[in-house]
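Counting along the sequence shown from 1, when you hit position 186 you're at 872 in our numbering, and nothing is skipped either side.
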Amino acid sequence: MRLRRFLLAAGVLALAAPLSGCVAAAIPVVAGGALVRTGTDGKDAKVSAETAAKASAARSPARSTRDLSRDDARLLAGSAPSSLSLSNAKRGYMVEGFADFLSFARDTAAAVPDEAPRKSALLADPASLSGERKFCSQGPPAVLIELDPSGGMLPVQPILQADRTLADRLEGLRQSGMEIAWISGQSAAHADAVREALTTAALDPESRDTLLLMRYPGDRKQTRREDLARRACLLAIAGDEREDFDELYAYLVNPEAALRLENLIGDGWFLVPPLHSSDQRPTQ
687 MRLRRFLLAA GVLALAAPLS GCVAAAIPVV AGGALVRTGT DGKDAKVSAE TAAKASAARS
747 PARSTRDLSR DDARLLAGSA PSSLSLSNAK RGYMVEGFAD FLSFARDTAA AVPDEAPRKS
807 ALLADPASLS GERKFCSQGP PAVLIELDPS GGMLPVQPIL QADRTLADRL EGLRQSGMEI
867 AWISGQSAAH ADAVREALTT AALDPESRDT LLLMRYPGDR KQTRREDLAR RACLLAIAGD
927 EREDFDELYA YLVNPEAALR LENLIGDGWF LVPPLHSSDQ RPTQ
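Set out below in structure tokens:
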């Protein structure tokens, strides 16, 4: 037993050792080694959920392939369906998740609040994997939509695709007083190009929405999400992979440890097809 503990500790130290630098992140270790987070200067050493899922399956022969349904496999991989082409966008985008996302935002914002504060879409304690959410600020209701495709980032001159129904529903949210925010890992230096892409796709035709881009080297999407939640009640987040909801998914060693977070899918977190054009190669 002592040997096993020594080896486990040595493994964590081995991950932390190369991370000397001017900005070193803390390394929270969740019970069972479910989550290890390391980083220097904003560049984190990541263990993908897909790789971790394969390793977990190899360690647990009792979970045979036939025991995993298609949804289970998608859960562990952590991604939404692939991008839809323009020819079937009108039929596909709303079916694949945006309808649920927009309906949730509309209904939640319209509900008469009781004495208890509303729950935000952000986790109160991500490292605990408990699924408990933060309470909203007293600001206006808001929703956040991820622009980056899974595993990449918007090109400097992005092309976005959407259908008229989605554009109309977004406008309905604006008219109801909802703030709509868009987020990307792209530099704020390219804000004009991202704005133009949103306008061209009719997603933000009057350039009124909030745009969250990276302001300086080492800036993180998690920080930008938290910035938004401090001044608005962030009710829902839409993205094409689970990492779009919280950066903890980038550091999961055992994806099954985050099963409790699945309760948030459809209740504040929504997996949707990417808005980035499938004909354009994303930036890695």
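The C-beta atom is built at its ideal place from N, Cα and C for all residues, glycine as well.
Pairwise C-alpha distance: residue j and residue i
| i | j | result |
| --- | --- | --- |
| residue 812 | residue 839 | 23 Å |
| residue 935 | residue 918 | 24 Å |
| residue 957 | residue 931 | 9 Å |
| residue 848 | residue 887 | 6 Å |
| residue 861 | residue 903 | 36 Å |
| residue 974 | residue 882 | Nothing in the structure corresponds to residue 974, since the chain is present only between 687 and 970. |
| residue 793 | residue 953 | 12 Å |
| residue 910 | residue 865 | 15 Å |
| residue 825 | residue 890 | 21 Å |
| residue 1036 | residue 901 | Here the chain comprises residues numbered 687 to 970, so residue 1036 is not present and cannot be evaluated. |
| residue 855 | residue 899 | 24 Å |
Status (buried if at least 16 other CB within 10 Å, exposed otherwise) for residue i
| i | result |
| --- | --- |
| residue 844 | buried |
| residue 832 | buried |
| residue 894 | exposed |
| residue 872 | buried |
| residue 948 | exposed |
| residue 787 | buried |
| residue 827 | buried |
| residue 829 | buried |
| residue 867 | buried |
| residue 877 | exposed |
| residue 945 | exposed |
| residue 963 | buried |
Contact check, residue i vs residue j, beta carbons under 8 Å
| i | j | result |
| --- | --- | --- |
| residue 915 | residue 789 | no |
| residue 791 | residue 921 | yes |
| residue 943 | residue 815 | yes |
| residue 835 | residue 960 | yes |
| residue 927 | residue 906 | no |
| residue 939 | residue 879 | no |
| residue 819 | residue 810 | yes |
The alpha helix (DSSP H) enclosing residue i, as first and last residue numbers
| i | result |
| --- | --- |
| residue 787 | 785–796 |
Strand pairing of residue i, partner residues [DSSP]
| i | result |
| --- | --- |
| residue 971 | The requested residue 971 does not occur in the structure, where the chain is confined to residues 687 to 970. |
| residue 821 | 805 |
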